[in-house]
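What follows is a set of notes on a single structure, which appears directly below.
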Amino acid sequence: MSSIVDLMIQNNLITRKDFERIVGAGSRDEPFHRLAVRSGLVSEDDYLALLRDSYDYQLLENLPDDYNPEKFTHISPSFMEEHNLLPLDATAREVRVVLNDPFDHLVLDTLKKLYPGNKITIFLSRREKIRQWIDEYFLQEKRVEQKDDSEAAPDSVYAFEDMEYLRDLASEAPVIKKVNQILTSAVEENASDIHIEPFEDRLLIRFRRDGLLHEHMTLPPYMQQAISTRLKIMARLDIAEKRLPQDGRIKTKIAGRDIDIRVSCLPTVYGESVVMRILDRTSASFSLEKLGFPQREYQLFQNLIYSPYGIILVTGPTGSGKTTTLYSALNSINSIDKKIITIEDPVEYELDGINQIHVNPRAGLTFASGLRSIVRQDPDVILIGEIRDKETADIAIQSALTGHLVFSTLHTNDAAGSISRLMEIGVEDYLLASSLIGIMAQRLVRILCPECKKRFVPDELIVRKYNLAFNGRPRQIFQPAGCKKCGFSGYSGRIAIFELLVINDDIREMILQNKSVVAIRKMGISQGMTLLRSDGWSKVVEGTTSIEEVLRVTGQ
Numbered sequence: 005m006s007s008i009v010d011l012m013i014q015n016n017l018i019t020r021k022d023f024e025r026i027v028g029a030g031s032r033d034e035p036f037h038r039l040a041v042r043s044g045l046v047s048e049d050d051y052l053a054l055l056r057d058s059y060d061y062q063l064l065e066n067l068p069d070d071y072n073p074e075k076f077t078h079i080s081p082s083f084m085e086e087h088n089l090l091p092l093d094a095t096a097r098e099v100r101v102v103l104n105d106p107f108d109h110l111v112l113d114t115l116k117k118l119y120p121g122n123k124i125t126i127f128l129s130r131r132e133k134i135r136q137w138i139d140e141y142f143l144q145e146k147r148v149e150q151k152d153d154s155e156a157a158p159d160s161v162y163a164f165e166d167m168e169y170l171r172d173l174a175s176e177a178p179v180i181k182k183v184n185q186i187l188t189s190a191v192e193e194n195a196s197d198i199h200i201e202p203f204e205d206r207l208l209i210r211f212r213r214d215g216l217l218h219e220h221m222t223l224p225p226y227m228q229q230a231i232s233t234r235l236k237i238m239a240r241l242d243i244a245e246k247r248l249p250q251d252g253r254i255k256t257k258i259a260g261r262d263i264d265i266r267v268s269c270l271p272t273v274y275g276e277s278v279v280m281r282i283l284d285r286t287s288a289s290f291s292l293e294k295l296g297f298p299q300r301e302y303q304l305f306q307n308l309i310y311s312p313y314g315i316i317l318v319t320g321p322t323g324s325g326k327t328t329t330l331y332s333a334l335n336s337i338n339s340i341d342k343k344i345i346t347i348e349d350p351v352e353y354e355l356d357g358i359n360q361i362h363v364n365p366r367a368g369l370t371f372a373s374g375l376r377s378i379v380r381q382d383p384d385v386i387l388i389g390e391i392r393d394k395e396t397a398d399i400a401i402q403s404a405l406t407g408h409l410v411f412s413t414l415h416t417n418d419a420a421g422s423i424s425r426l427m428e429i430g431v432e433d434y435l436l437a438s439s440l441i442g443i444m445a446q447r448l449v450r451i452l453c454p455e456c457k458k459r460f461v462p463d464e465l466i467v468r469k470y471n472l473a474f475n476g477r478p479r480q481i482f483q484p485a486g487c488k489k490c491g492f493s494g495y496s497g498r499i500a501i502f503e504l505l506v507i508n509d510d511i512r513e514m515i516l517q518n519k520s521v522v523a524i525r526k527m528g529i530s531q532g533m534t535l536l537r538s539d540g541w542s543k544v545v546e547g548t549t550s551i552e553e554v555l556r557v558t559g560q
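Whatever position you read off the sequence shown (first residue = 1), add 4 for our numbering.
Shown next as structure tokens:
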């Protein structure tokens, strides 16, 4: 361990555990003190103050009024830029330079060769200041040339931006503080996802609230790698790997709340895009009563989840609340006399009293292979995160036929479409007819802000088109307005709309006869099934959501 690392530990800037973790994750070619500052573990101000107090270096805030860059035309501006070196003054006996890292031996050796026999006096300054001075006195002409060169290759631009970042670590504030600020703001605003997206001229931070993305802030592009590196350290990912996607997890406490954050890093043209899914354990509530079921669908779904065997499917696109519905169903039936096992990708929330398995394809643990082992564990209820292929579907069906209640999900647009989807992947019709007991499609619509929603009477065309009349007169419904409490969006929170198809004898007969999706849907409607949009209209009439929201999630 070098003396500078010992000093960092002695001055409580880092711990030995920090040292071991960073060294284990970082590049062997980069000294620890530089890696610690670049990753945000140690702020640049604290690092420079430590060097000043321990080695008597002088910190430089401004250049002399008579600074003359013409003295140093023999030193390459590219070399200065690469090593954060600014030559300050030179006499026959002494050379004065400004550095950010006085332990850069390549720089010191180069200066000794350029000025043999001269004393080298080092001043310290922040990376950003040194970069600005180099830019102002040595690189202005070079940058103008680059700007006018219309044939510059995109790869060279990316390399320049990436290297620029490596020299600069958010001079206004430590990276750790900036990352904590982003995470705290997301939790306080009840965001479900954080998107950190690098572009050529900016780093865009967006939050997903109530299903829609909103811009939170923009940062300079050179901060991209500092922030992504900090998040990788928190998620225990390989900070040296920037060419391949990585996934990790952060467990932390923000504003007194236990927060789980799923981290996904993906390389893009201008750096790594980082997306974080926020799972708030403190506010997580899995109750069927709170999901927004219509009374008929609630009673039917309750009957289904207490069935002794069969398959229940919940369908919809990503982000439609399928996992919440399934977790709520498991919570409802969870008891000491039932063994419940789930296999998920990933496990989003940990449920007390339920055995949960996280798939790991790299280790050979897939949905199909995991299911084979699960059925040997004598379960009563099995939850499969998603049916993706015929093998998984076949094992799920066999489990249902041998006395297990099986829950799973599919990505289909409606309930009836799930039947044709399973047939498309190769499941036999007689197996589907024998094992399926219910299919529920769902979407999430935003709830109108109760503080600012306003009444209005829709025009006659809308009333006729969407059947919004009552006793021959247009209904009064609500539309979004926007206030400070809802962030001027007009909405606050989300609720589900449902479409539940119960597989009775009539539907089973239609499956065996290979009837079309349209025919099966019509049969379901004739037996009382409420379509997604119909449930949406009922919530519009109740004043829960708006016409625009229902159309947005169900299609025009």
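Glycine included, C-beta positions come from ideal geometry on N, C-alpha and C.
The model shown is predicted, which means the values in this text are computed figures rather than measured ones.
Go ahead and pull the three-state DSSP assignment for residue 250. For the purposes of this step, residue 250 is identified with residue 246 of the sequence shown, where counting begins at 1. Strand, per DSSP.
Residue 103 to residue 7 span [Cα, whole Å]: Taking the sequence shown and counting its residues from 1, one reaches residue 103 at position 99. Taking the sequence shown and counting its residues from 1, one reaches residue 7 at position 3. Taking the straight line from one Cα to the other gives about 19 Å.
Cβ contact (3+ pairs, closer than 8 Å) linking the segment 449-462 and the segment 490-507: yes
Does the contact criterion of 3 or more C-beta pairs under 8 Å hold for the segment 95-110 versus the segment 73-86? no
The alpha helix (DSSP H) spanning residue 75 covers which residue range? Here residue 75 refers to the residue found at position 71 of the sequence shown. No alpha helix (DSSP H) contains residue 75, which DSSP labels as neither H nor E.
Out of curiosity, what's the CA-to-CA distance linking residue 276 and residue 208? As a working note, residue 276 is residue 272 in the sequence shown. As a working note, residue 208 is residue 204 in the sequence shown. Roughly 12 Å between the two C-alpha positions.
Is the distance from the Cβ of residue 539 to the Cβ of residue 501 below 8 Å? Counted from its first residue, the sequence shown places residue 539 at position 535. Counted from its first residue, the sequence shown places residue 501 at position 497. Contact: yes.
DSSP three-state label for residue 83, please. One-based indexing of the sequence shown puts residue 83 at position 79. Correct three-state label for residue 83: helix.
Please report the distance separating the alpha-carbon of residue 231 from that of residue 247. As a first step, residue 231 is located in the sequence shown; it is residue number 227 there, counting from the start. As a first step, residue 247 is located in the sequence shown; it is residue number 243 there, counting from the start. When rounded, the distance between both Cα atoms is 17 Å.
Does the beta-carbon of residue 446 have 16 or more other beta-carbons within 10 angstroms, so that it is buried, or is it exposed? Locating residue 446 in the sequence shown gives position 442, where the first residue counts as 1. So residue 446 counts as buried.
Around the Cβ of residue 272, are there at least 16 other Cβ atoms within 10 angstroms (buried) or fewer (exposed)? Taking the sequence shown and counting its residues from 1, one reaches residue 272 at position 268. So residue 272 counts as exposed.
So, do the segment 382-401 and the segment 427-446 have three or more beta carbon pairs nearer to each other than 8 Å? yes
Quick one: is residue 531 buried, meaning 16 or more other Cβ sit within 10 Å of its Cβ, or exposed? For the purposes of this step, residue 531 is identified with residue 527 of the sequence shown, where counting begins at 1. So residue 531 ends up on the exposed side.
What are the boundary residues of the alpha helix (DSSP H) that includes residue 434? Mapped onto the sequence shown, residue 434 falls at position 430. Here the alpha helix (DSSP H) through residue 434 covers 433-439.
Member of 356, 367, 366, 402 whose CA lies at the smallest distance from the CA of residue 378: What you label residue 378 is simply residue 374 of the sequence shown in a count that begins at 1. Ranking the options by Cα distance to residue 378, first place goes to 402.
What residue range does the beta strand (DSSP E) around residue 241 cover? Translated into positions along the sequence shown, residue 241 becomes position 237. First-last for residue 241: undefined, no H or E at that position.
Using the three-state DSSP reduction, which class does residue 41 fall into: helix, strand or coil? Indexing the sequence shown from 1 puts residue 41 at position 37. Helix.
Indicate the three-state DSSP secondary structure (helix, strand or coil) for residue 10 in the structure shown. Within the sequence shown, residue 10 is the residue found at index 6, counting from 1. Looking at residue 10 - three-state DSSP - the assignment turns out to be helix.
State the DSSP-derived secondary structure class of residue 284, mapped to helix, strand or coil. Position 280 of the sequence shown holds residue 284. Three-state DSSP puts residue 284 in a strand.
Put residue 468 into one of helix, strand or coil per three-state DSSP. Taking the first residue of the sequence shown as position 1, residue 468 is located at position 464. Note: residue 468 maps to helix in three-state DSSP.
So what does DSSP say about residue 65, is it helix, strand or coil? The residue given as residue 65 occupies position 61 in the sequence shown. Here residue 65 sits in coil by DSSP.
Do you know whose CA, among 551, 314, 433, 200, lies nearest residue 482's CA? The residue given as residue 482 occupies position 478 in the sequence shown. When each option's Cα is compared against that of residue 482, the closest is 551.
Would you report the Cα separation of residue 290 and residue 331, rounded to the nearest angstrom? On the sequence shown, residue 290 is found 286 positions in, with the first residue counted as 1. On the sequence shown, residue 331 is found 327 positions in, with the first residue counted as 1. Looking at the two C-alpha atoms, the distance is approximately 6 Å.
Could you check which residue in 58, 555, 357, 411 has the C-alpha nearest to that of residue 570? No information on residue 570 is available, as it lies outside the stretch 5 to 560 that the chain covers here.
Residue 529 lies in the alpha helix (DSSP H); which residues open and close that run? One-based indexing of the sequence shown puts residue 529 at position 525. Here the alpha helix (DSSP H) through residue 529 covers 521-530.
Pull up the CB-CB distance for residue 504 and residue 304, whole angstroms please, since I reckon it's below 8 Å. Locating residue 504 in the sequence shown gives position 500, counting from the first residue. Locating residue 304 in the sequence shown gives position 300, counting from the first residue. Residue 504 to residue 304, Cβ: 6 Å. Contact.
On the DSSP letters alone, give me the boundaries of the alpha helix (DSSP H) that residue 334 sits inside. What you label residue 334 is simply residue 330 of the sequence shown in a count that begins at 1. Where residue 334 is concerned, the enclosing alpha helix (DSSP H) stretches over 326-337.
With a threshold of 16 other CB atoms inside 10 Å of the CB of residue 325, please say whether the residue is buried or exposed. Taking the first residue of the sequence shown as position 1, residue 325 is located at position 321. That one is buried.
Measure from the alpha carbon of residue 195 to the alpha carbon of each residue in 213, 319, 333, then state which is nearest. Walking along the sequence shown from the start, residue 195 turns up at place 191. It is 213 whose Cα lies nearest to the Cα of residue 195.
Taking its Cβ as the centre, do 16 or more other Cβ atoms sit within 10 Å of residue 151, making it buried, or is it exposed? As a position in the sequence shown, residue 151 is number 147, starting the count at 1. For residue 151, the predicted model reports a pLDDT of 43, less than 50, meaning its position is unreliable; a value from the coordinates is still stated below. Its Cβ having fewer than 16 others within 10 Å, residue 151 is exposed.
Reduced DSSP secondary structure (H/G/I, E/B, other) of residue 293: The residue you call residue 293 lines up with position 289 of the sequence shown. Residue state, collapsed to three classes: helix.
From 110, 66, 516, residue whose alpha carbon lies closest to that of residue 92: To locate residue 92, count along the sequence shown from 1; it is residue 88. Taking only the C-alpha atoms, the option nearest residue 92 is 66.
Could you pull out every residue in the same chain whose Cβ sits closer than 7 Å to the Cβ of residue 215, ignoring the five residues on either side in sequence? Counting from 1 along the sequence shown, the entry for residue 215 is found at position 211. Within the same chain, residue 215 has close Cβ partners 323, 448, 450, 498.
Can the beta-carbon of residue 101 be found less than 8 Å from the beta-carbon of residue 90? Position 97 of the sequence shown holds residue 101. Position 86 of the sequence shown holds residue 90. Yes, the Cβ-Cβ distance between residue 101 and residue 90 is below 8 Å.
Local Cβ density within 10 Å of residue 293, reported as buried at 16 or more and exposed below that: As a first step, residue 293 must be located in the sequence shown, where it is residue number 289. Exposed.
For residue 457, three-class secondary structure by DSSP: Taking the first residue of the sequence shown as 1, we reach residue 457 at position 453. Looking at residue 457 - three-state DSSP - the assignment turns out to be coil, as it is neither helix nor strand.
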